[in-house]
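So the structure is just underneath, and the comments pick up after that.
See the structure below:
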């Protein structure tokens, strides 16, 4: 059975609403997409405090689920081995939050198929869905770039903009 | 650079002293090696409560370091990419303990080279040092079985009995 490695943040966990909330709390205004296009929200001048929030307990626990990811993964699991692979190791306080989040929102994914790592080049799989080009660069299988504000300038990888596009890609692969 | 995936429990973290302590606390006697040879301590009749201790916070935090593993890994890091790969995912309460233990005893290993996983078949490396045959079975690189009471009957893999033997093996590999 072929294996798909799927990233968490900005692929199945939607970080952006929380970033926008944190920005609004301090600056009193909702950011427009063109203001963070091409970067991460915390790279906007004055918004580096948002990066610090990622290191706090609780940050990852409350993130919304990326629309369509639950149904999508359930369907993929009928044909593929699905692994959730997240670069959690930089964030010691994220481990329990990420684990609990997965148990709540993806209870059908067994713990044996969850990976917390740092450098994803250790991962052996046939497909990888990730929003970071640096993870896909060193991947020897087929890479899929999940669109996020910070990667819109990236042109080297097959791109998916949402979970409908992920599913369309895999349906075509199986034909 | 070639990559070595090194297990934590019973390879760099010594679980046995803690298991023997837990046995002694309840039964008032120190187990002799022949009493747990060929199995895990918690497989001895009446000792299944020891298995439950693994799920508690703190269990993995206080384990002693396997003799020679710190010096050995430091030396291996001069010639290899070393990853610590531990099947932590079954034990939600072990994440912070294992991370803190590594930071204390192996501060020279960067977080990018730590992996908490379930099924280790996801790991891509050239060598794997592990005490569990089921991890080595599905490994495509060169497997090294680190001797532990439960694996003494295993004959399929090259065996290392301590960190001196690990280092002797890799010195011979580089010749």
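Residue numbers (this note's numbering), protein chains in the order written: chain A, 38 to 212; chain B, 38 to 212.
Heads up, the beta-carbon is just placed ideally off N, CA and C, and yes, glycines get one too.
These numbers were taken from a predicted model, which means no experiment stands behind them.
Please decide whether residue i counts as near chain B, where near means a Cβ-Cβ distance under 7 Å.
| i | result |
| --- | --- |
| residue 127 of chain A | yes |
| residue 159 of chain A | yes |
| residue 74 of chain A | no |
| residue 138 of chain A | no |
| residue 149 of chain A | yes |
| residue 167 of chain A | no |
| residue 120 of chain A | yes |
Going by C-alpha distance, which of the options is nearest residue i?
| i | options | result |
| --- | --- | --- |
| residue 50 of chain B | B/106, B/157, B/65 and B/86 | B/106 |
| residue 97 of chain A | A/135, A/42 and A/180 | A/135 |
| residue 92 of chain A | A/41, A/132 and A/140 | A/132 |
| residue 149 of chain B | A/156, A/84, A/151 and A/74 | A/156 |
| residue 145 of chain A | A/120, A/162 and A/160 | A/120 |
| residue 200 of chain B | B/129, B/102 and B/118 | B/102 |
| residue 123 of chain B | B/113, B/116, B/64 and B/138 | B/138 |
| residue 57 of chain A | A/44, A/203, A/175 and A/74 | A/74 |
| residue 84 of chain B | B/181, B/60 and B/68 | B/60 |
| residue 208 of chain B | B/192, B/110, B/72 and B/173 | B/110 |
| residue 126 of chain B | A/114, A/140 and A/196 | A/140 |
With 16 other CB atoms within 10 Å as the buried threshold, where does residue i fall?
| i | result |
| --- | --- |
| residue 38 of chain B | exposed |
| residue 128 of chain A | buried |
| residue 64 of chain B | exposed |
| residue 55 of chain B | buried |
| residue 162 of chain A | buried |
| residue 42 of chain A | buried |
At the 7 Å Cβ level, is residue i part of the contact set with chain A, yes or no?
| i | result |
| --- | --- |
| residue 183 of chain B | no |
| residue 153 of chain B | yes |
| residue 132 of chain B | yes |
| residue 156 of chain B | yes |
| residue 60 of chain B | no |
Could you check what DSSP says for residue i in three-state terms: helix, strand or coil?
| i | result |
| --- | --- |
| residue 60 of chain B | helix |
| residue 90 of chain B | helix |
| residue 145 of chain A | coil |
| residue 214 of chain A | Because chain A here runs from 38 to 212, residue 214 of chain A falls outside it and cannot be looked at. |
| residue 168 of chain A | coil |
| residue 207 of chain A | helix |
| residue 183 of chain B | strand |
| residue 71 of chain A | helix |
| residue 189 of chain A | coil |
The segment 185 to 196 of chain A in contact with the segment 83 to 101 of chain B per 3-pair CB rule at 8 Å: Too few Cβ pairs lie closer than 8 Å, so no.
Taking three-plus beta-carbon pairs below 8 Å as touching, is the segment 44 to 63 of chain B in contact with the segment 168 to 176 of chain B? Enough Cβ pairs lie closer than 8 Å, so yes.
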